[in-house]
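Enquirer: Take this structure, written in structure tokens, and hold onto it; I'll ask about it next.
There are 2 protein chains.
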Amino acid sequence: MRRLPTVSDVAEAAGVSRQTVSNVLNTPEIVRAETTERVRAAIERLGYRPHASARRLRTRRSSTIGVRLDPGADGMSGSLLDRFLHALVERADADGLRVLLYTAVDEDAEIATFERLLDGADVDALVLTSTHYGDRRIPWLVEHDVRFVTFGRPWGEHDTTDRSHRWVDVDGRVGVRAATASLLEQGHRRIAFLGWPEGSGTGDDRRAGWREAMLAAGVPDADMTALDLGVEEDPLDLGIGGRAVAAVAPRPDAVVCASDSLALGARLALGPDVPVVGYDDTPVARALGFPSVAQPLDEVAAAVLELLASDEGDHHRLLAPRLVRR
Amino acid sequence: MRRLPTVSDVAEAAGVSRQTVSNVLNTPEIVRAETTERVRAAIERLGYRPHASARRLRTRRSSTIGVRLDPGADGMSGSLLDRFLHALVERADADGLRVLLYTAVDEDAEIATFERLLDGADVDALVLTSTHYGDRRIPWLVEHDVRFVTFGRPWGEHDTTDRSHRWVDVDGRVGVRAATASLLEQGHRRIAFLGWPEGSGTGDDRRAGWREAMLAAGVPDADMTALDLGVEEDPLDLGIGGRAVAAVAPRPDAVVCASDSLALGARLALGPDVPVVGYDDTPVARALGFPSVAQPLDEVAAAVLELLASDEGDHHRLLAPRLVRR
DNA sequence: CACAGAAGTTTGATCGATCAAATCACCGAG
DNA sequence: CTCGGTGATTTGATCGATCAAACTTCTGTG
């Protein structure tokens, strides 16, 4: 295999020095236009590409961000991470950033992986997904002065002026509130909520949205049924959620769900006549034609990269989801 | 931030030279046991980690494999890539390999990306998914002497003695044959097949499996209905497949499908009384409780890495899927 | 016309590891 | 007792880029 051209080769070809070539690439504003032109031409002619590892060694920056591929991607919404990843990789690419994957069985293993990745200059920033109460990863990262952004807000008491933890999240409460409101507008009153038991940040947030909309519409407490599908039960066994919904008497006018999996269960149990709204707008929702709250993953990805890149401005972003009507 | 220890630091601490430390790490068999011990202790004590970029610069190897994140992951089975990726990352990690993601809008863009990734020593091998007829990427990679393995066999005329293209695939024909046979055993005769139009490698392969099983059981041609859902039609609009199935008269005893999406469509159109078998064993199949042919993604990932690593032995692997009965 | 200061470019050193070749230690054969 | 040979370890050079500082060229001012 032919040897690849280096900065020195380009320099010689353009009749300048190594450093000038480097400057053309990294700080073009300090190079005379005419010189830049000549160097650019030489780069083009030789087909030069900077050697990423050499640059990293010297700059101590890898231009690579690490993203965890969750082990327990909970099935159906697994494609959510997929879509997010895709958006992230695409945007990152445009910024000259690479995305490296890693996995870890538990938090301790994940922290050990952080060390490995960071020390080896494999990555210089991390993107974490699925944050939860008492997440030990966050303090570790802050402590070790690692640059990171989470997709998911810090649940629990949180000081919004805390600039050490940057995060991006989607306002599930607003999304579910809109979904509920849309059902109310259609004249439904006894709208049940199918979700997860209290204690999960996202779950509670979504239930709160439903409650808000119901209260605002003046629906009496007696007509508000919230069903919680235990997490210890296989979240994929939609039969459970479905049976739970079917057991509600009298039968609800409509059901708002904390996920499309749950919505599918409800739909199967109640048939197509009872309107159902899901969450995440997965292919299943599209396929079955029920409405769903869609997270703006492109925007999330963009926001994550923005927060990662700049030290200025806000340190968190709460994005609005979009209700996909069908 | 404290400076990280380097080989030199370890060498000094252990009272040996840089190179000896390097040898302990890379070629321990040429170092005296006692010395190895001492160096190991020093590494432990200082918490030394090799600097990945420095090593890559020198060895010209990155220990990183590139994987494309498909843009048009067709929805439901998107989670398939997800699961494959997960298995791959996990196994790769055990072998000290990293997985880097990339995307590309079309084949030309993808080839341009190859050049970027390879020249910069970002990756030294590639894993390609979703191969198709006349895939231009393959000849390019062979031509440029790039190490790669595809998940997906080369469709079209192919010389199995060709050692330049290594691939791993799952034998869909066998899987669908088994699925069909299992329905036949249960006494069903008029088993329809719901798939994609001829021309897609995987689709044709799966249909062939169904036909084989039907022929073997002596089912007359008149009772064999193959329905093809046009790819130009939104593959997610399961209604189309469902309507097609529902239109078959007389109503089939059971339906074998080329994917779980199609199976969901059939299930919704025919109700739970007509047995349906899907493909890919996605969460939807698990949720609705219909059987599905599962690809052994763990094995696929392991095989991909094996083929990448060794020059010996076979250059392709055709794995058997597993029918998940429910 | 000399000279300070800015602008543009070049030179030498360095990042952390491994390669290639040299050196050192030790053993048994002649 | 010397010498060849193997095994273990060390030394010097190098991978390709950027940093820091030195140097050269230009520009405008007194």
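Just so you know, the sequences run in chain order A and B. With our numbering, the residue at position 221 of the first sequence is 228, and numbering never jumps. With our numbering, the residue at position 239 of the second sequence is 246, and numbering never jumps. Backbone N, C-alpha and C define an ideal beta-carbon position, used for all residues, glycine too.
Kindly indicate if chain B contains any beta-carbon less than 8 Å away from that of A:S268.
Expert: For this step, residue 268 of chain A is matched to residue 261 along the first sequence. It does: the Cβ of A:S268 has a partner Cβ on chain B nearer than 8 Å.
Enquirer: Can you tell me whether B:E239 is buried or exposed? The criterion is at least 16 other CB atoms within 10 Å of its CB, across all chains shown.
Expert: Translated into positions along the second sequence, residue 239 of chain B becomes position 232. Summary for B:E239: the model assigns pLDDT 44, below 50, so the residue's position carries little reliability; its value from the coordinates is reported in the next sentence. Around the CB of B:E239, fewer than 16 other CB atoms lie within 10 Å, so the residue is classed as exposed.
Enquirer: Using 8 Å for Cβ pairs, my map puts B:A265 next to B:W174. What's the rounded Cβ distance?
Expert: Position 258 of the second sequence holds residue 265 of chain B. Position 167 of the second sequence holds residue 174 of chain B. Between B:A265 and B:W174 the beta-carbon gap is near 21 Å, outside 8 Å, which marks them as no contact.
Enquirer: Quick one: list the residues of chain B neighbouring A:E97, beta-carbon separation under 7 Å, in chain order.
Expert: What you label residue 97 of chain A is simply residue 90 of the first sequence in a count that begins at 1. Within 7 Å Cβ-Cβ: T110.
Enquirer: Note down, in chain order, every chain A residue with its Cβ under 8 Å from the Cβ of B:L88.
Expert: Mapped onto the second sequence, residue 88 of chain B falls at position 81. Near B:L88 (Cβ distances below 8 Å), the residues of chain A are D89.
Enquirer: How should B:D55 be labelled, buried or exposed, when 16 other C-beta atoms within 10 angstroms of its C-beta is the threshold for buried?
Expert: Against the second sequence, residue 55 of chain B aligns to sequence position 48. According to the sequence as given, residue 55 of chain B is Tyr; it is not Asp. Buried, because 16 or more other Cβ atoms sit within 10 Å of the Cβ of B:Y55.
Enquirer: Output the boundary residues of the alpha helix (DSSP H) element that contains A:S15.
Expert: By one-based count along the first sequence, residue 15 of chain A stands at place 8. First-last of the alpha helix (DSSP H) with A:S15: V14 to A21.
Enquirer: Measure how close the beta-carbons of B:W162 and B:I118 come, nearest whole angstrom, since I'm counting them as under 8 Å.
Expert: Sequence index remark: in the second sequence, residue 162 of chain B carries index 155 (1-based). Sequence index remark: in the second sequence, residue 118 of chain B carries index 111 (1-based). About 19 Å; that fails the 8 Å criterion.
Enquirer: Looking at the unbroken beta strand (DSSP E) that takes in A:I198, where does it start and where does it end?
Expert: Residue 198 of chain A sits at position 191 when you count from the first residue of the first sequence. Boundaries of the beta strand (DSSP E) around A:I198: I198 to G202.
Enquirer: May I ask you to list, following chain order, the residues of the region 102-134 of chain A that have a beta carbon less than 7 Å from some beta carbon of chain B?
Expert: R105, V106, L107, L108, Y109, T110, R123, D126, G127, A128 and D129
Enquirer: Rounding to the nearest angstrom, what Cα-Cα distance links A:D241 and B:T232 in this structure?
Expert: As a working note, residue 241 of chain A is residue 234 in the first sequence. As a working note, residue 232 of chain B is residue 225 in the second sequence. Because A:D241 sits at a pLDDT of 48, beneath the cut-off of 50, its placement in the model cannot be relied upon, and the point is left open.
Enquirer: Using the C-alpha atoms, what's the distance from A:D178 back to A:A220?
Expert: Within the first sequence, numbered from 1, the residue matching residue 220 of chain A stands at position 213. Within the first sequence, numbered from 1, the residue matching residue 178 of chain A stands at position 171. Straight-line Cα distance between these residues: approximately 15 Å.
Enquirer: The alpha helix (DSSP H) spanning A:V175 covers which residue range?
Expert: Sequence index remark: in the first sequence, residue 175 of chain A carries index 168 (1-based). Unbroken run through A:V175 is the beta strand (DSSP E), R173 to V177; no alpha helix (DSSP H).
Enquirer: Is the region 289-298 of chain B close to the region 91-109 of chain B, with three or more CB pairs under 8 Å?
Expert: no
Enquirer: Taking only beta-carbon positions, decide if A:A59 is within less than 8 Å of chain B.
Expert: The residue labelled residue 59 of chain A in the question sits at position 52 within the first sequence. Answer yes: the Cβ-Cβ gap between A:A59 and chain B drops below 8 Å somewhere.
Enquirer: Give me the DSSP bridge partner(s) of A:D113.
Expert: Here residue 113 of chain A corresponds to residue number 106 of the first sequence, with the count starting at 1. DSSP output for A:D113 lists no bridge partner at all.
Enquirer: Kindly say whether B:R56, judged by its beta-carbon, lies nearer than 8 Å to any beta-carbon of chain A.
Expert: Within the second sequence, numbered from 1, the residue matching residue 56 of chain B stands at position 49. Chain A, which has a Cβ nearer than 8 Å to the Cβ of B:R56, makes this yes.
Enquirer: Under 7 Å Cβ-Cβ, which residues of chain A neighbour B:R154?
Expert: As a position in the second sequence, residue 154 of chain B is number 147, starting the count at 1. What B:R154 touches in chain A: nothing, since even the nearest Cβ is about 12 Å away.
Enquirer: Going by the DSSP bridge assignment, what does A:S266 pair with across the sheet?
Expert: As a first step, residue 266 of chain A is located in the first sequence; it is residue number 259 there, counting from the start. Residue pairing from DSSP leaves A:S266 without any beta-bridge partner.
Enquirer: By Cβ distance, which residues of its chain are closer than 6 Å to A:S24, with the 5 residues on each side in sequence left out?
Expert: Here residue 24 of chain A refers to the residue found at position 17 of the first sequence. For A:S24, where only same-chain residues beyond five positions count, the Cβ hits under 6 Å are A18.
Enquirer: For A:M8 and B:V255, what's the separation of their Cα atoms in angstroms?
Expert: Here residue 8 of chain A is taken as the residue at index 1 of the first sequence, counted from 1. Here residue 255 of chain B is taken as the residue at index 248 of the second sequence, counted from 1. Because A:M8 carries a pLDDT of 49, less than 50, the predicted location of this residue cannot be relied on, and the following value inherits that uncertainty. Answer to the nearest angstrom: the Cα atoms are 59 Å apart.
Enquirer: Check whether the region 210-218 of chain B and the region 183-201 of chain B are in contact - that is, three or more C-beta pairs closer than 8 Å.
Expert: By the Cβ rule, the region 210-218 of chain B counts as touching the region 183-201 of chain B, because three or more pairs are nearer than 8 Å.
Enquirer: Per DSSP, B:Y286 is paired with what?
Expert: Position 279 of the second sequence, counting from 1, holds the residue named residue 286 of chain B. Answer by DSSP bridge pairing, in chain order: B:V300.
Enquirer: Would you verify that the beta carbon of A:A309 is, or is not, closer than 8 Å to some beta carbon of chain B?
Expert: What you label residue 309 of chain A is simply residue 302 of the first sequence in a count that begins at 1. No, no contact with chain B.
Enquirer: Can you tell me where the beta strand (DSSP E) with B:T232 in it begins and where it stops?
Expert: Against the second sequence, residue 232 of chain B aligns to sequence position 225. Element bounds for B:T232: n/a, residue is neither H nor E.
Enquirer: Determine, for A:R332, whether the minimum Cβ-Cβ distance to residues of chain B falls below 8 Å.
Expert: The residue given as residue 332 of chain A occupies position 325 in the first sequence. So, not an interface residue.
Enquirer: Around the Cβ of B:L201, are there at least 16 other Cβ atoms within 10 angstroms (buried) or fewer (exposed)?
Expert: The sequence position of residue 201 of chain B within the second sequence is 194, counting from 1. B:L201 should be labelled buried.
Enquirer: Which residues in the same chain as B:I50 place their Cβ atom closer than 7 Å to its Cβ, once the five residues preceding and following it in sequence are excluded?
Expert: In the second sequence, residue 50 of chain B corresponds to position 43, counting from 1. Scanning its chain for C-beta atoms nearer than 7 Å, with the 5 sequence neighbours on each side dropped, one finds around B:I50 the residues V17, in chain order.
Enquirer: On the DSSP letters alone, give me the boundaries of the alpha helix (DSSP H) that B:R329 sits inside.
Expert: Against the second sequence, residue 329 of chain B aligns to sequence position 322. Here B:R329 belongs to no alpha helix (DSSP H); instead the beta strand (DSSP E) covers R329 to V331.
Enquirer: For a contact meaning CB atoms closer than 7 Å, what does A:L53 contact in chain B?
Expert: Position 46 of the first sequence, counted from the start, is the residue given in the question as residue 53 of chain A. What A:L53 touches in chain B: nothing, since even the nearest Cβ is about 12 Å away.
Enquirer: Find the nearest neighbour of B:T187 within the set B:E319, B:R332 and B:D169, judged by alpha-carbon distance.
Expert: In the second sequence, residue 187 of chain B corresponds to position 180, counting from 1. The residue with the shortest Cα to Cα distance from B:T187 is B:R332.
Enquirer: Taking a Cβ distance cut-off of 8 Å, strictly less, list which residues of the region 216-229 of chain B are near chain A, in chain order.
Expert: none
Enquirer: For A:G73, write down the residues that DSSP places opposite it in a beta bridge.
Expert: Mapped onto the first sequence, residue 73 of chain A falls at position 66. DSSP output for A:G73 lists A:L107 and A:L133 as bridge partner(s).
Enquirer: Relative to chain A, which residues along the region 9-23 of chain B have a C-beta separation below 8 Å, given in chain order?
Expert: Answer set for the region 9-23 of chain B: L11.
Enquirer: Between which two residues does the alpha helix (DSSP H) carrying B:L32 extend?
Expert: As a first step, residue 32 of chain B must be located in the second sequence, where it is residue number 25. Unbroken alpha helix (DSSP H) run through B:L32: R25 to N33.
Enquirer: Can you find the residues in the same chain that come closer than 6 Å, C-beta to C-beta, to B:S171, ignoring five residues on each side of it along the sequence?
Expert: By 1-based counting over the second sequence, the position of residue 171 of chain B is 164. Excluding sequence neighbours, B:S171 sits near V149.
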